[in-house]
Amino acid sequence: MVLKERYEQDLRLVGSPQGWAAFALTILLFVLIPQIFPAYAYPVALFMVYSLVAIGLNILVGFTGQISLGHAGFFAIGAYAVAKLAPIITFPAALLVAVVACAVVGYLVGIPALKLEGPYLAIATSGFGLAIQQFFANTPNDWFGGHGGLIVEKSQLFGDFFARDRAYYYIILAVVTVMVYMAFNLARSHIGRAFVAVRDAELAAQTSGVNIAKIKTLAFAISAVYAGIGGALFAPLLGIVSPESFSLLLSVQFLSMIVIGGIGTVAGGILGAGMVTALQDQLAQAGGWSGLLYGLVVLIVMILEPLGLYGRWMKIKLYWKSWPF
Amino acid sequence: MTVLLEAKNVTLRFGGVTAVNDVSFTVGANETVALIGPNGAGKSSLFNCITALYKPQVGNISFMGQELTKTSPDSIASLGISRTFQNIELFGGLTVLENLLLGRHQHLKVNLFHAMLGTPTWVKSEVEQIKRAEAMIELLELQPYRDRRVRGLPYGVQKIVEIGRALVSEPKLLLMDEPVAGLTTDEKDELVQRLGELKNELGLSILLVEHDIRVVSSLAERIVVLEYGRKIADGTPEQIRNDPVVIAAYLGEEAQTLEGQKK
Ligand SMILES: Nc1ncnc2c1ncn2[C@@H]1O[C@H](COP(=O)(O)OP(=O)(O)OP(=O)(O)O)[C@@H](O)[C@H]1O
Ligand SMILES: [Mg+2]
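Taken in sequence, the protein lines are chains A and B.
Residues in the first sequence are numbered from 229 upward in steps of one, following the numbering used here.
Residues in the second sequence are numbered from 107 upward in steps of one, following the numbering used here.
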């Protein structure tokens, strides 16, 4: 009985009092940001949106070892679902459509992906991203607004109260908190383990009872859903959804988030999203040089910390754990 | 003795190479059978046929009435067969405990939503699996490595973890492809003793590929000998030791190595 309780404790996401304190402080910080630093509300909201995409991409790339350069495509599907449908069927319903659409499309992309690996899969998925971008740009009668895109009015979606930027920030915070919680749960569950198992030893995973095709397509679908919810939250935040936002460059940025933050962990995706969003926000002021500076910083981070920010964090934690020995 | 596994006329070809050629043999309940033969004789290929990773062109393999040549590799575990690999196949990025938990994967019936929401149903099932894995860790004395990532653990420990992962799924038949290869003599003795105990404790049938003749004779009740994909002998260790055909096959090999050494 004593043992059983210990295992159940082990399974809690937050175990120690320090853990709870850190958790409470984090939530408090995010709740207070729009009040204390209103200027940061927008970049922080953007960071939260991106962190969903990075978490999703990490589940695919980091956990199952399938690469994607097409996540801007899923992001676009989510964004367009909200931009087009939310005024008609309400925001929650449009969000649901985004989830279902991304799950289905993610699963479908996952099927041919079973036969591809490494650079081949990277190119194939980038083709998918491009196709989605073209689809939204060139739908007949500009149903999705054509090249100009669609305007998303927050007041129309949420009424006057949530139309204020600060209020919408809290909608994002709520959705992202739930999705992050579910990602942490997924990662340490038997499904998260199976994701890593197919990456590390496919044969042994199979003989242990893991259906490779099922688990890999599931990873694709879940990954797409995270990116799609990110896109769905992104549309009202930016206020406009247009094809040019969802280029290959965006997919590359998503990938750089998880590489910078740390491949194969939920926390790594969040850290990377934060780092990349902060960089872009700061470097935007550098005007024409921003791209160059961004590239340089990324390069330096990767040279100093090949395991990403989360890897550095783990090393620091280990260091203090073993201190003063 | 009731027959657990029965292979009948199994033939497996890779292009021009016939890796397994018309092989028939059985493994009985609670029996330990060793599969021996020179390099390239087709031992691992036969394992892969039994675990449905390869589909033989000819023949049948049945396990408790189930036809294995028509199933998929991921359903083998739920039928009650588990295995280890000649070249260790562990989940390097996972801890020892997590590797063992994958051995329990087939017993997990909890769906995605319970897992993502961390519901009591999920916690209950997870605790159940952890208990089993923990018992296996204790049995194999892997406690010091419980939360260590498998990648980077000593080779001998990895070999044990792989056996643990196979055992924790509670198989009726355990297939081991060269379980002691690469271990020191001490490690070998220890593992052989442990396997002997486990076998009796768990009422397990074992099919074992092994080159180390000491290991084979101390574990196996029966030996099947393959050469160039064909079965050339099948009998008790006593019978096999005195079988002229087997002696010829192995002497031939030794004569070749001797010649090689001369040069
Ligand atoms: N996937 C494959 N593709 C082509 N040929 C293969 C394949 N697997 C095995 N073979 C061939 O089948 C034959 C039997 O190989 P197998 O690995 O089964 O031998 P083995 O008895 O396990 O040998 P060892 O003692 O060296 O492990 C060899 O000639 C090998 O080259
Ligand atoms: Mg072999």
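For every residue, glycine included, the Cβ atom is placed at its ideal position computed from N, Cα and C.
Could you name the residues of chain B that M410 (chain A) contacts, counting a contact when the two beta carbons are closer than 8 Å? M222, L223
In this structure, does DSSP put P534 (chain A) in helix, strand or coil? coil
Does the structure place the segment 498 to 508 of chain A close enough to the segment 276 to 291 of chain A that three or more beta carbon pairs sit under 8 Å? yes
Residues near V525 (chain A) in its chain [Cβ-Cβ closer than 7 Å; skip 5 each side]: L507
Buried or exposed for Q367 (chain B), going by 16 or more other Cβ atoms inside 10 Å? Because the pLDDT at Q367 (chain B) is just 49, under 50, the model does not fix this residue reliably, and the value given afterwards should be weighed accordingly. Exposed.
For N115 (chain B), the three-state DSSP class (helix, strand or coil): strand
Using the rule of at least 16 other Cβ atoms within 10 Å of the residue's Cβ for burial, across every protein chain shown, is M407 (chain A) buried or exposed? buried
So who's on the other strand from K337 (chain B), going by DSSP bridges? B:L332
Using a Cβ-Cβ cut-off of less than 8 Å, list which residues of the segment 426 to 445 of chain A approach chain B; keep chain order. R427, D428, A429, L431, A432, A433, Q434, T435, S436, G437, V438, N439, I440
Buried or exposed for H375 (chain A), please, with buried defined as at least 16 other CB atoms from any protein chain shown within 10 angstroms of its CB. exposed
Could you tell me which residues DSSP puts in a beta bridge with V380 (chain A)? BP columns for V380 (chain A) are empty, so no partner.
Quick check on DSSP: helix, strand or coil for L223 (chain B)? helix
Can you name the start and end residues of the alpha helix (DSSP H) that N145 (chain B) belongs to? That residue, N145 (chain B), is in no alpha helix (DSSP H); it is neither H nor E in DSSP.
Going by Cα to Cα distance, which pick from B:T201, B:Q235, B:L206 is closest to K215 (chain B)? B:Q235
Taking only three categories from DSSP, how would you classify Q249 (chain B)? helix
Any beta carbon of chain A sitting closer than 9 Å to that of S311 (chain B)? no
Residues bridged to R300 (chain B) by DSSP? DSSP, once it has assigned bridges, lists no residue as partnering R300 (chain B).
Can you tell me whether L110 (chain B) is helix, strand or coil according to DSSP? strand
In or out: Q219 (chain B) buried (at least 16 other Cβ within 10 Å) or exposed? Correcting the residue identity first, residue 219 (chain B) is Phe in this sequence and not Gln. With fewer than 16 Cβ atoms within 10 Å of its Cβ, F219 (chain B) is classed as exposed.
Does at least one heavy atom of ligand 2 sit under 8 Å from the Cβ of K337 (chain B)? no
Interface flag, P552 (chain A) vs chain B, CB-CB below 9 Å: Unreliable positioning characterises P552 (chain A) in this predicted model, as indicated by a pLDDT of 49, which lies under 50. The coordinate reading is nonetheless provided below. Not an interface residue.
Are any of the Cβ atoms in chain B nearer than 9 Å to that of A267 (chain A)? no
Closer than 9 Å to chain B by CB, I317 (chain A): no
For G437 (chain A), report the span of its beta strand (DSSP E) as first-last. Note, G437 (chain A): premise wrong, no beta strand (DSSP E); not H, not E.
Just the Cα atoms here: how many angstroms apart are W248 (chain A) and E276 (chain B)? 38 Å
Name the chain A residues that come within less than 9 Å of L218 (chain B), Cβ to Cβ? L414, S417, I419, L446, I450
Of all the alpha helix (DSSP H) runs that stay within the bounds of the segment 323 to 405 of chain A, which reach a length of 4 or more residues? 346 to 366, 382 to 391
So which residues on chain A does R189 (chain B) lean against when the C-beta distance must stay under 7 Å? T435
Under the criterion of a Cβ to heavy atom distance below 8 Å, does D283 (chain B) qualify as lining ligand 2? yes
Own chain residues within Cβ distance below 7 Å of Y335 (chain A), not counting five before or after: T445, F448, A449
Hey, quick one: how far does the beta strand (DSSP E) through D128 (chain B) stretch, first residue to last? 123 to 134
Could you check what DSSP says for L280 (chain B) in three-state terms: helix, strand or coil? strand
Give me the residue from A:E472, A:Y398, A:N413, A:P315 with the minimum Cα distance to I261 (chain A). A:Y398
Spatial neighbours of L414 (chain A) within its chain, please: CB distance less than 7 Å, with the 5 preceding and 5 following residues excluded, ordered by chain position. G420
Which same chain residues end up closer than 7 Å to K369 (chain B) when comparing Cβ atoms and leaving out the 5 residues on each side of it in sequence? Because K369 (chain B) carries a pLDDT of 41, less than 50, the predicted location of this residue cannot be relied on, and the following value inherits that uncertainty. Result list for K369 (chain B): empty, nothing under 7 Å.
If the cut is a Cβ gap below 8 Å, which residues of chain B does E236 (chain A) touch? V229, V233
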